[in-house]
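**Q** Just dropping this structure here.
Protein chains in written order, with our numbering: chain A, 14 to 114; chain B, 16 to 186.
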């Protein structure tokens, strides 16, 4: 193993920071979903990295669960965005404040 | 010290994460997001976890990215290219990002994990399969139900009502 744990953790922190920036600044609903995906991937990278250096199989198992749940989350999130887009003809979350149509 | 392959993959991952959020067109943004997810899969291969890397490629790069691309195609053309963001909040967001990265980085660099490296053998993926079917089987069943339920929920949500369709035809 030529790489150290700290390098993977630093990449994960950078991805987390970029995701938080996206969630704070963007008002486009699809781009906010991108930011959430980036944060979830940073968390999964951390899990697998720590699991490799323990070494223990639990981290990889948890990462697999996390990937599967993230797939479900994206499907529901995109469906909600499509419904909101049909109501408002826009994907700006400032318009979604009251979801009454 | 990091080798060249690690540096290349981290530049690809972080660069395309920034591109995914900052590119003008949502279509190119989602392709850049594919680059990020593929880069993370590369990290998994470097961490000797080929099973997780395969799962990442199949689920994230294969299905989620395509799902996002199709959703982007359903949105109006002007909205794809319009940048919706508050200029005032942009600097606040960059400041928040720097604070998070510097604070967490300082904490991590100060902690003991700086010097951790390992020579032990990687975990065999057969062990993960065994874990799934023995210790984690209730969670696996629950996850299957959640996945089925959420896919059905997404289909019900995105279904177009007949009345809406008729209204749009008359427009």
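Just so you know, even glycine gets a beta-carbon here, dropped at the ideal spot from N, CA and C.
Only a predicted model underlies this, so the values are computations on that prediction, with no experimental measurement involved.
How is residue 39(A) classed by DSSP in three states: helix, strand or coil?
**A** Reduced to three states, the DSSP call for residue 39(A) is strand.
**Q** Strictly under 8 Å for the Cβ-Cβ distance: is residue 52(A) near chain B by that measure?
**A** For residue 52(A), the nearest beta carbon of chain B is not closer than 8 Å to its own beta carbon.
**Q** Determine which residues of the segment 76-90 of chain B have a Cβ less than 8 Å from any Cβ of chain A, and write them out in chain order.
**A** Of all residues in the segment 76-90 of chain B, 78, 79, 82, 83, 86, 87, 89 and 90 have a Cβ within less than 8 Å of some Cβ in chain A.
**Q** Measuring CB atoms only, is the segment 117-125 of chain B touching the segment 34-52 of chain B, in the sense that at least three cross pairs come out at less than 8 Å?
**A** no
**Q** With residue 25(B) as the anchor, note down where its alpha helix (DSSP H) starts and where it stops.
**A** 19-37
**Q** Flag this pair as touching only if the segment 85-103 of chain B and the segment 61-77 of chain B have three or more C-beta atom pairs under 8 Å; answer yes or no.
**A** no
**Q** For residue 53(B), collect the residues of the same chain with a Cβ closer than 6 Å to its Cβ; drop the 5 residues on either side in sequence, then sort them by chain order.
**A** 76
**Q** Counting only C-beta atoms, is residue 92(B) closer than 8 Å to chain D at any point?
**A** This model lacks chain D altogether, as its protein chains are A and B.
**Q** Our contact map puts residue 172(B) next to residue 96(A) with C-beta atoms below 8 Å; I'd like the distance itself, whole angstroms only.
**A** The pair is a contact, with the Cβ atoms about 5 Å apart (cut-off 8 Å).
**Q** Pull the bridge partners of residue 17(A) from the DSSP assignment, please.
**A** DSSP output for residue 17(A) lists no bridge partner at all.
**Q** Would you report the Cα separation of residue 131(B) and residue 82(B), rounded to the nearest angstrom?
**A** 39 Å
**Q** Among 27(A), 57(A) and 22(A), which residue has its Cα nearest to the Cα of residue 126(B)?
**A** 22(A)
**Q** Could you check the C-alpha separation between residue 89(A) and residue 168(B) for me, to the nearest Å?
**A** 7 Å
**Q** Taking contact to mean 3 or more Cβ pairs, one atom from each stretch, closer than 8 Å, check whether the segment 22-29 of chain B and the segment 92-111 of chain A are in contact.
**A** Too few Cβ pairs lie closer than 8 Å, so no.
**Q** Answer with buried or exposed for residue 113(B), where buried requires no fewer than 16 other C-beta atoms within 10 angstroms of its C-beta.
**A** So residue 113(B) counts as exposed.
**Q** Opposite residue 108(A) in the DSSP bridges: which residues?
**A** DSSP, once it has assigned bridges, lists no residue as partnering residue 108(A).
**Q** On the three-state DSSP scale, how would you describe residue 176(B)?
**A** coil
**Q** Spatial neighbours of residue 80(B) within its chain, please: C-beta separation below 7 Å, excluding the five flanking residues on both sides.
**A** 45, 48, 49 and 52
**Q** What first and last residue would you give for the alpha helix (DSSP H) that runs through residue 45(B)?
**A** 41-61
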